[in-house]
Amino acid sequence: MSSRIAVMDRGYHSFGTPVAVTAQAAPGDKGIINIERESGLSGEIYDKAHLIIQGLLHRNYAQDIPLFLSASICFEQSYSPVDGDSASCAEFFALLSAIAQIPLRQDLAVTGSLNQLGDVQPVGGIPEKIEGFFETCSILGLTGTQGVIIPRRNLPNLMPSDRVQAAVEDGLFHIWAIDTVEEGISLLAPVTAEEFGKKVREALLEHARHMRDFRK
0 MSSRIAVMDR
10 GYHSFGTPVA
20 VTAQAAPGDK
30 GIINIERESG
40 LSGEIYDKAH
50 LIIQGLLHRN
60 YAQDIPLFLS
70 ASICFEQSYS
80 PVDGDSASCA
90 EFFALLSAIA
100 QIPLRQDLAV
110 TGSLNQLGDV
120 QPVGGIPEKI
130 EGFFETCSIL
140 GLTGTQGVII
150 PRRNLPNLMP
160 SDRVQAAVED
170 GLFHIWAIDT
180 VEEGISLLAP
190 VTAEEFGKKV
200 REALLEHARH
210 MRDFRK
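By numbering that gives the first Met the number 0, the letter at position 79 of the sequence shown is numbered 78, and the numbering carries on one by one without gaps.
Below, the structure written as structure tokens:
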């Protein structure tokens with residue numbers, strides 16, 4: 000599971016709020032099912048981002064093996080229409096976590112788009128997203144480990160409030176900027192990005208063996 004940050008626009012006011020992204024993965028041949036898409040809640044840009052995630056999974060972990068995977072991705076307790084590609088990073092991290100069976104940190108929220116090469120691309124609403132997650136953490140109590148992961152190319156868009164800036168300066172809240180998927184994994188996972196990637200590939204190889212044996 001990972002956390003994305005959605006921007007809620009009420010016309011007169013917009014704000015960021017964290018949304019849990021969950022994923023399940025098992026051997027199979029159904030591919031990656033996106034529950035928002037299957038429920039008719041997703042827009043065209045979101046659907047394109049979902050296809051990019053599938054391409055990136057093939058590129059990074061299954062170029063030379065058949066991909067036998069039945070997986071699902073869901074925004075928990077989200078029942079409104081969704082669009083855009085800013086949840087791509089959070090979805091991809093949740094998917095990899097489910098495949099490798101390695102839990103990710105839950106005190107960090109992620110926003111960012113992905114391309115099929117694994118590059119993290121800029122998104123909109125960065126100020127609202129940072130403020131929204133900071134407010135959530137403040138209500139629960141700042142621990143000194145919480146923070147947000149954003150695309151590095153969004154750094155010029157940072158406009159932290161005095162409260163956020165003070166918390167960052169005091170080491171109570173953090174803002175990390177990344178360029179690649181691997182950099183995000185290094186922040187979220189309890190192992191190195193290299194070890195994490197190895198676990199993902201081993202799991203996919205085991206899926207392929209399982210399906211081969213099952214079909215005999």
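Just so you know, even glycine gets a beta-carbon here, dropped at the ideal spot from N, CA and C.
Legend entry - Length of the line joining the Cα atoms of A202 and I101: 11 Å
Inset, instruction - With a threshold of 16 other CB atoms inside 10 Å of the CB of F213, please say whether the residue is buried or exposed. - result: It counts as exposed.
Inset, instruction - Spell out the partners DSSP gives D118 in its beta bridges. - result: T179
Legend entry - C-beta atoms of L141 and L171 nearer than 7 Å: yes
Legend entry - Within 7 Å, strictly: CB atoms of Y45 and R200: No; because the gap between Cβ atoms is not below 7 Å, this pair is not in contact.
Inset, instruction - Out of P150, H49, E194 and W175, state which residue places its alpha-carbon closest to the alpha-carbon of L94. - result: H49
Inset, instruction - Determine the direct distance from the alpha carbon of R211 to that of I174, and round the result to whole angstroms. - result: 45 Å
Inset, instruction - Buried or exposed for H57, please, with buried defined as at least 16 other CB atoms from any protein chain shown within 10 angstroms of its CB. - result: exposed
Legend entry - Rounded C-alpha distance that separates Q76 from E168: 34 Å
Inset, instruction - Measure from the alpha carbon of S38 to the alpha carbon of each residue in V20, P80, L66 and I52, then state which is nearest. - result: The candidate whose alpha carbon is nearest that of S38 is P80.
Legend entry - Given 8 Å, three or more beta-carbon pairs between the segment 60-69 and the segment 78-92: no
Legend entry - P17 burial status per 10 Å Cβ neighbour count (16 or more: buried): buried
Legend entry - Q53 versus Q115: straight-line alpha-carbon distance, rounded: 9 Å
Legend entry - For P155, the three-state DSSP class (helix, strand or coil): helix
Legend entry - Coarse secondary structure for S77, derived from DSSP in three states: coil
Inset, instruction - Answer with yes or no whether the minimum CB distance from R58 to chain B is below 7 Å. - result: No chain B appears in the structure shown, which is made up of a single protein chain.
Inset, instruction - Quick one: using the 10 Å Cβ neighbour count with 16 as the cut-off for buried, is L154 buried or exposed? - result: exposed
Inset, instruction - Kindly give me the distance between the Cβ atoms of T179 and V122, rounded to whole angstroms, as I take these residues to be in contact under 8 Å. - result: T179 to V122, Cβ: 16 Å. No contact.
Inset, instruction - May I ask you to report which of helix, strand or coil DSSP gives A89? - result: When DSSP states are grouped into helix, strand and coil, A89 belongs to the helix group.
Inset, instruction - Would you tell me roughly how many angstroms separate the C-alpha atoms of T21 and C73, rounded to the nearest one? - result: 5 Å
Legend entry - Host beta strand (DSSP E) of G146 (start-end): G146 to P150
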